[in-house]
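Numbering (mature numbering (1 follows the signal peptide of the UniProt record, and there is no 0)), first residue to last: -26 to -1, 1 to 328. All residues carry an ideal CB built from backbone N, CA and C; glycine is no exception. Note that the structure is a prediction, hence the values are computed from the model and not measured.
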Amino acid sequence: MKNSKKSVMHVLGMSILLAWSSTSFADLVVNNNSAASSVSASSASISWSASDASQLMDDDETEISPQGSTSVTTTLRNGGSATITSSATPQKSVQIRDTFGSTSQPSVNARSALVMDAQTGEVLFSKNSNMSVPIASITKLMTAVVTADARLNMSEEITLDSIDFAGAGGKNSSSTLRVGDTMNRAELLLFALMKSENPAAAALARTYPGGRSAFVAAMNAKAKQLGMNSTRYAESTGLDPHNVSSARDLGILVSTASQYGLIRQFSTTPTYDFNLGYRVLKSNNTNALVRNGGWNINLSKTGFINEAGRCVVMHTTVNSRPAVVVLLGASSSQARTNDATNLLNWVATLPKRI
């Protein structure tokens, strides 16, 4: 494997040069928020060694850095043979404790919801949280976890096939990507997480060892391993309403996924220019709260199909409290955003963690 250093250019209000090598999962970090926040507008480039990047990605015991509001315009098309190291797979387990605080509960219009202290597992708010319902593109969070666990070559070039656009039940699969578009696996993962592109998630499953059936089996096995007893996956995108889960189970999944540095980074990238070499796709995160940058959101995923309604899951830090927020079955995007904002404001009124 080559260890030659490569560079990617970020636009974070200014140009920041990140040096990296193609030796680990850490190579694929493209948005170092903590570094960006410490750079003044008049600063020149800052260099990070491969070991610095690896420590950022692999040290999952430290407090999660807040999501920033920067605009990333770099590309992941750097070639090489980047792979995911074994340290990319988290070892923490999540135990949910069904206890409630004495603070008055907020009003939520979504069909089901959960707010959980991500550190203690204490349930702070619950509404129909054990009800198993379609989860739409929240599915892609498990797609990302299974992809990361497989430790595949993230620089492998993958060409989108017509089968990746087939969707489920005739549902629209993409408004941006086209059959024949070629990108590497890291770009597919970023497309799936930040922009919720269905063909990207489908291609990740198709190119998994053993193909789609093996990928779906791995999704269900991971859910079982995590104790997600109300969860079943039929495919990798979320277009199929047979992908079902409960708010409680998704609380477990979000807590688990937040331990993967790359999933945190990719799911909270506000904007990104995908340079495919022959055209550039300017893309925005599907979560308005991530795009607006007003909250410390560490992980995010939205979803929608008619059967599921508008859904969102987030890992956030409020008043030094790491919290998981799950909303399923909101009536509209605005209602989903309103519910999420109400819950975050409510968590902000709770006593600060010591």
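Rounded straight-line distance, which links the Cα of residue j to that of residue i
i	j	result
C285	Y234	22 Å
G184	L178	12 Å
S111	R125	22 Å
F139	T323	44 Å
I279	L163	20 Å
Q308	I132	35 Å
Y207	M193	7 Å
R186	V120	12 Å
V97	A175	31 Å
V264	T242	6 Å
D313	S274	15 Å
L250	N203	40 Å
A197	S106	14 Å
V254	E130	20 Å
W320	S78	9 Å
L318	S103	17 Å
T156	Y182	16 Å
E161	N259	14 Å
residue 330	G283	Residue numbering for the chain in the displayed model covers -26 to 328; residue 330 lies beyond these limits and cannot be assessed.
E281	F189	23 Å
R222	Y252	43 Å
Q199	A142	27 Å
G277	G212	8 Å
S210	M90	26 Å
S305	H216	20 Å
S220	A195	17 Å
R180	K145	19 Å
Start-to-end residues for the beta strand (DSSP E) that takes in residue i
i	result
R284	G283 to V292
M157	T156 to N158
Identity of the residues DSSP links to residue i by a beta bridge
i	result
M90	V97 and V298
R206	V218
L273	H289
E130	DSSP output for E130 lists no bridge partner at all.
I279	G283
V107	S219
A192	None; A192 has no bridge partner.
A304	R284
Cutoff 6 Å; reference residue i; Cβ partners in own chain excluding five residues on either side
i	result
S100	L88
N316	P80
L224	V287 and V300
A262	T311
S136	V153
residue 330	Absent from the model: residue 330. The displayed extent of the chain is -26 to 328, so no value can be given.
T113	G212 and N217
Nonlocal neighbours in the same chain, by C-beta distance under 8 Å from residue i, ignoring five residues either side
i	result
S257	T150, F165, M168, K169, T245, Y246, D247 and F248
R152	L134
I237	L115, A118, V119, A122, L167, A231 and L273
S76	Only weak support is given to the placement of S76: the predicted model assigns it a pLDDT of 45, under 50, and the value that follows is read from those uncertain coordinates. Counting only Cβ-Cβ distances below 8 Å, and skipping sequence neighbours, we find nothing.
V218	S106, V107, P108, I109, S204, T205 and R206
First through last residue of the alpha helix (DSSP H) which encompasses residue i
i	result
R125	That residue, R125, is in no alpha helix (DSSP H); it is neither H nor E in DSSP.
Q239	G235 to S241
A179	N172 to R180
N266	A262 to N266
Neighbourhood of residue i by C-beta, 7 Å cutoff - its chain only, sequence neighbours within 5 removed
i	result
S148	F139, E171, N172 and P173
F240	L163, L164, L167 and M168
Q93	P296
C-beta neighbour in chain D for residue i, strict 7 Å
i	result
P173	Absent here is chain D; the protein component of the structure consists of one chain.
Query raised in the report: Okay, do the region 77 to 89 and the region 295 to 312 touch, 3+ Cβ pairs below 8 Å being the bar?
Result: In short, these stretches touch, since the Cβ pair count reaches three.
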